[in-house]
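Protein chains in written order, with the working numbering: chain A, -17 to 196; chain B, 166 to 317. Where is the CB? At the ideal position from N, CA and C, for every residue including glycine.
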Amino acid sequence: MSAPVPAAAWDLPTRAFHWALAVLVVFSFTTGKIGGPWLEWHMKSGYAILALLLFRVAWGFAGPANARFTAFVRGPVAALGHARELIARRVTAKAGHTPLGGWMVLAMLVVLALQAGTGLFTNDESSHEGPLSRMVSNATVDRMSVIHGWNQWVVAAVVGVHVVAIAYYHVVLKANVTRGMVTGPTQVPARAWALLAAAAGAVYYVVVVLPRPA
Amino acid sequence: MTRTLLVATLAALASLSPALAQTPKPEDQLKLRKAAYSLMGYTFGSLDAMASGKRPMNKEEATRNAELLAQLATIPKGFFGEGTDKGETRAKPEIWTNRADFDQKMDRMVKETGQLAQAARSGDAATLKKAVQDVDAACAACHDDYRVKRRG
């Protein structure tokens, strides 16, 4: 069968976003598990993830064609059809997210946003607390901490499905889809920097400015 | 005769009064250990803030908090008596089935908080930081095994 290799599918900002996010998610998971003094890094990593997520959402509207939500968010019928193609090993080459891949992107963004968002309001019942934890009641902090606690496994599950799907492409469909996330165009449009700066600024506001006592 | 009677009366009365010196009833033990933990959390929080650079290093304040913490750390162990597994507590029943291990973890906390007090008196930020981390680990070791996870 012909191997669908979506060459040059992804612009550099999208690729950089993907790998930065991947590294930070693994780092966050690990430091969260170790706990103790590593929670300082866990929190910083969470802020960076938050900024990356904001950037990706903005890039989903302002980025090049393949990065846009309108290009890859498809209905359940298309997703189901694609699932059948996958199982039958009949996948046609096409650059960009597949209908199922599009859902994966959305799922990843949602579960990570929930994880990073709840993290802002948590504590470890010891010496670490999120930057906004003092602005809400202890009951809310407990609730957020519990959600943060179980949603890490939802994140792990979504990451797992993603990795298994990629492995399926490589091993069963003999399609090197990872290459498209590595190589590709190298130019970075100025608006990518602007959006990243805006995202970082927004996170800085939430994490540093907002919690400051009046 | 009168004198003997007086002494006997006083002795009898004295035997009635030391109710407070006795082991508090379970309900009160619960209250006492929670109060100790709350204050420990507060004092440790301020030490941790100093150790992690969120607050400026202040030897006097650190010493005061660390010495108080070391004192407070000796309190809870005595208030996990019979019947204190009931009521509003997150203490796991395993405390009473693995008592030796639990006590050992309690002793570790007492030891580490004692060393934290020493570290605070030294006024050295790096020493304080190390001691704070050791206390944090001692707290976590016990919480992991003997405290019920919170539910939102």
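About 21 Å separates the CB atoms of residue 109 of chain A and residue 272 of chain B; that is not less than 8 Å, and the two are not in contact. Burial is judged here by how many other beta carbons sit within 10 angstroms of a residue's own beta carbon; residue 117 of chain A has fewer than 16 and is exposed. Note that the stretch 287 to 307 of chain B touches the stretch 205 to 225 of chain B; at least 3 beta-carbon pairs, one per stretch, sit closer than 8 Å. Among the residues facing chain B, residue 185 of chain A is not included, as its CB has no counterpart in that chain under 9 Å away. Going by DSSP, residue 29 of chain A is part of the alpha helix (DSSP H) stretching over 21 to 44. Within the same chain, 64 come within 7 Å of residue 80 of chain A by CB-CB distance, once the 5 residues on both sides are set aside. One alpha carbon belongs to residue 31 of chain A, the other to residue 219 of chain B, and they sit about 23 Å apart. Look at residue 307 of chain B: its C-beta is not under 9 Å from any C-beta on chain A. For residue 208 of chain B, the enclosing alpha helix (DSSP H) has its first and last residue at 191 to 216. The contact set of residue 67 of chain A on chain B, defined by CB atoms closer than 8 Å, is empty, because the minimum CB distance reaches about 41 Å. Contact check for residue 195 of chain B against residue 244 of chain B passes: the beta carbons are separated by less than 9 Å. For residue 266 of chain B, there are no neighbours in chain A by C-beta distance under 9 Å, as the nearest C-beta there is about 21 Å away. Leaving aside the five residues that flank residue 182 of chain A on each side, the residues in its chain whose CB is nearer than 6 Å to its CB run, in chain order, 33. A direct Cα-Cα distance of roughly 28 Å separates residue 227 of chain B from residue 192 of chain A. The continuous alpha helix (DSSP H) containing residue 273 of chain B extends over residues 264 to 287. Against chain A, a Cβ distance below 8 Å from residue 245 of chain B picks out nothing, because the smallest value is about 19 Å. In this structure the stretch 82 to 96 of chain A does not touch the stretch 273 to 280 of chain B; the number of beta carbon pairs closer than 8 Å is below three. Among the CB atoms of chain B, none fall inside 9 Å of the CB of residue 84 of chain A.
Distance check between residue 289 of chain B and each of B:240, B:191, B:316 and B:221 places B:221 closest, using alpha-carbon atoms only. Under DSSP, the beta-bridge partners assigned to residue 312 of chain B are B:256. With respect to the C-alpha of residue 232 of chain B, the residue from B:306, B:316 and B:204 having the closest C-alpha is B:204. Under the three-state reduction of DSSP output, residue 225 of chain B falls in the helix class. DSSP places residue 158 of chain A in the coil class of the three-state scheme, outside both helix and strand.
Under the DSSP assignment, residue 248 of chain B falls outside any alpha helix (DSSP H); it carries neither an H nor an E label.
Per the Cβ contact rule, the stretch 4 to 12 of chain A is not in contact with the stretch 37 to 48 of chain A (fewer than 3 Cβ pairs under 8 Å).
For residue 152 of chain A, the closest of A:105, A:68 and A:14 by C-alpha to C-alpha distance is A:68. Scanning A:189, A:103 and A:86 for the CA closest to the CA of residue 142 of chain A turns up A:86. Excluding its 5 nearest sequence neighbours in each direction, residue 137 of chain A has C-beta neighbours in its own chain below 8 Å: 7, 11, 93, 94 and 97, listed in chain order. Judged by DSSP in its simplified three-state form, residue 111 of chain A adopts strand.
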